[in-house]
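Novice: In full-length UniProt numbering, the protein residues as written are 1 to 282. Even glycine gets a Cβ: it sits at the ideal position worked out from N, Cα and C.
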DNA sequence: CCCCAGGCGAAAT
DNA sequence: ATTTCGCATGGG
């Protein structure tokens with residue numbers, strides 16, 4: 001792939017690449033030895049690195065495409081994470097350690113459809129295998145972008161491309177029992193489109209997808225629709241809420257209510273700091 | 001060999 | 001309305 005362009009954003013705060021890419025929100029970015037990352041977003045392959053300069057930093061994106069506006073939006077550079085951190089800490093001091101350690105998290109502005117499919121695949125699965133499944137889907141059904149930094153890269157398959165997949169084909173991709181969910185998703189998306197309305201209305205609409213339950217719906221709200229009120233509770237978050245606040249492990253409703261009352265419209269942001277911090281501790 | 005993973009759908013209470 | 005169970009696959 002020739003014709004690589006370089007986009008640079010300076011004077012940034014509240015961004016660290018491992019925090020952004022390893023906090024569990026995305027599955028197509030992989031770390032290089034020097035701490036930079038290579039991945040695919042919006043049909044573009046990219047090599048992303050960060051330069052620290054005093055108390056600010058610069059983001060350098062070498063990519064096969066995508067406008068400056070696209071990447072600016074993708075990395076959510078208009079959002080003031082410092083202000084959100086202060087608001088969260090004011091309401092819940094126990095977040096201090098997580099926010100401090102995971103200070104560079106940003107919620108990527110990802111494609112709704114990609115997030116929808118990715119988190120359907122994520123259920124009852126581990127992150128390394130989820131990443132393999134997603135890459136396999138892209139390689140088998142996505143548009144070839146071309147060779148980029150030593151490997152052929154593929155866009156995430158569109159709904160139309162994935163609609164061509166059959167149960168038998170998907171069985172070869174080792175998705176497990178989730179292949180039936182992926183067969184039904186393109187048709188459902190074509191009929192219903194992107195959810196709109198209140199958080200509750202969007203959540204309910206997402207539950208009508210086969211393979212989407214309360215937790216996956218909250219991930220799609222947060223990462224695919226940028227609804228920061230969504231507070232996904234997976235097995236890790238359950239353990240965290242037990243440790244931090246003494247909840248019974250089965251009291252999901254209580255945990256959701258607590259998040260509503262203490263984190264409010266920033267519940268998803270709080271969840272990401274907590275989730276990544278406790279996972280990084282193992 | 002076992003248990004577990006960013007849970008969910010369907011069956012059984 | 002709520003709880004239980006089976007589920008494909010691979011990592012640890």
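Mind checking whether residue 19 and residue 82 have CB atoms under 8 Å apart?
Specialist: For the purposes of this step, residue 19 is taken as the residue at position 19 of the first chain. For the purposes of this step, residue 82 is taken as the residue at position 82 of the first chain. Not a contact, by the Cβ cut-off of 8 Å.
Novice: In the structure shown, what three-state DSSP assignment does residue 33 receive?
Specialist: Along the first chain, read from residue 1 onward, the residue named residue 33 stands at position 33. Looking at residue 33 - three-state DSSP - the assignment turns out to be coil, as it is neither helix nor strand.
Novice: Could you tell me whether the segment 134-147 touches the segment 231-242, using the rule of 3 or more Cβ pairs below 8 Å?
Specialist: The segment 134-147, when compared against the segment 231-242, does not touch it at the 8 Å Cβ threshold.
Novice: Quick check on the burial criterion: 16 or more other C-beta atoms within 10 angstroms. Buried or exposed for residue 281?
Specialist: As a working note, residue 281 is residue 281 in the first chain. When all chains shown are included, residue 281 counts as exposed.
Novice: What residue range is occupied by the uninterrupted beta strand (DSSP E) comprising residue 56?
Specialist: Residue 56 sits at position 56 when you count from the first residue of the first chain. 56-63 is the extent of the beta strand (DSSP E) around residue 56.
Novice: Taking DSSP as the reference, what is the three-state secondary structure of residue 100?
Specialist: Working through the first chain from its first residue, we reach residue 100 at position 100. Residue 100 falls in the helix class under three-state DSSP.
Novice: Residues in the same chain with beta-carbon distance under 6 Å from residue 240, minus the five sequence neighbours each way, listed in chain order, please.
Specialist: Reading the first chain from its first residue, position 240 is the one you call residue 240. The answer, listed in chain order, is 274, 278.
Novice: Where residue 211 and residue 181 are concerned, what is the direct C-alpha to C-alpha distance, given to the nearest angstrom?
Specialist: Residue numbering aside, residue 211 sits at position 211 when the first chain is read from its first letter. Residue numbering aside, residue 181 sits at position 181 when the first chain is read from its first letter. Between residue 211 and residue 181, the alpha-carbon positions lie close to 5 Å from each other.
Novice: Starting from the C-beta of residue 194, find all residues in its chain whose C-beta is less than 7 Å away, skip the five residues before and the five after it, and write them out in chain order.
Specialist: The residue you call residue 194 lines up with position 194 of the first chain. Result list for residue 194: 112, in chain order.
Novice: Report all residues from its chain with a CB closer than 8 Å to the CB of residue 188; omit the five preceding and five following residues, and keep chain order.
Specialist: The residue labelled residue 188 in the question sits at position 188 within the first chain. These residues qualify, in order along the chain: 208, 209, 210.
Novice: Could you check if residue 243 is buried or exposed, using at least 16 other CB atoms within 10 Å of its CB as the buried criterion?
Specialist: Residue 243 sits at position 243 when you count from the first residue of the first chain. By the 10 Å Cβ count, residue 243 comes out exposed.
Novice: So for residue 147, helix, strand or coil by DSSP?
Specialist: Indexing the first chain from 1 puts residue 147 at position 147. Looking at residue 147 - three-state DSSP - the assignment turns out to be strand.
Novice: Let's see if you can read the secondary structure: which residues bound the beta strand (DSSP E) around residue 46?
Specialist: As a position in the first chain, residue 46 is number 46, starting the count at 1. That run of the beta strand (DSSP E) goes 44-53.
Novice: Please tell me whether residue 59 and residue 107 are closer than 8 Å, where the distance is taken between their beta carbons.
Specialist: Counting from one through the first chain, the residue named residue 59 turns up at place 59. Counting from one through the first chain, the residue named residue 107 turns up at place 107. Cβ distance not < 8 Å, so residue 59 and residue 107 don't count as in contact.
Novice: Which value, in whole angstroms, describes the spacing of the CA atoms of residue 289 and residue 109?
Specialist: Any answer about residue 289 is impossible in this case: the structure gives the chain only from 1 up to 282.
Novice: Going by C-alpha to C-alpha distance, which of 218, 151, 68 sits closest to residue 122?
Specialist: Locating residue 122 in the first chain gives position 122, counting from the first residue. For the residues 218, 151, 68, the minimum Cα distance to residue 122 belongs to 218.
Novice: Got a sec, what are the start and stop residues for the alpha helix (DSSP H) residue 240 sits in?
Specialist: As a first step, residue 240 must be located in the first chain, where it is residue number 240. 235-245 is the extent of the alpha helix (DSSP H) around residue 240.
Novice: DSSP three-state call for residue 270: helix, strand or coil?
Specialist: Translated into positions along the first chain, residue 270 becomes position 270. Looking at residue 270 - three-state DSSP - the assignment turns out to be helix.
Novice: Along the beta strand (DSSP E) that carries residue 5, what are the first and last residues, could you check?
Specialist: To locate residue 5, count along the first chain from 1; it is residue 5. It spans 5-12 - the beta strand (DSSP E) in which residue 5 sits, taken as one unbroken run.
Novice: Using 8 Å as the cut-off, can you tell me whether the segment 61-74 makes contact with the segment 162-172, which would need three or more C-beta pairs spanning the two stretches below that distance?
Specialist: These segments do not touch.
Novice: Closest by CA to residue 104, which one among 119, 116, 56, 73?
Specialist: Numbered from its first residue, the first chain carries residue 104 at position 104. That would be 56, whose Cα lies nearest to the Cα of residue 104.
Novice: Using the Cα positions of residue 237 and residue 225, report the straight-line distance between them to the nearest angstrom.
Specialist: On the first chain, position 237 is the one that residue 237 refers to. On the first chain, position 225 is the one that residue 225 refers to. Answer to the nearest angstrom: the Cα atoms are 21 Å apart.
Novice: Flag this pair as yes or no: are the beta carbons of residue 143 and residue 39 separated by less than 8 Å?
Specialist: For this step, residue 143 is matched to residue 143 along the first chain. For this step, residue 39 is matched to residue 39 along the first chain. It is not a contact, given that the beta carbons lie outside the stated cut-off.
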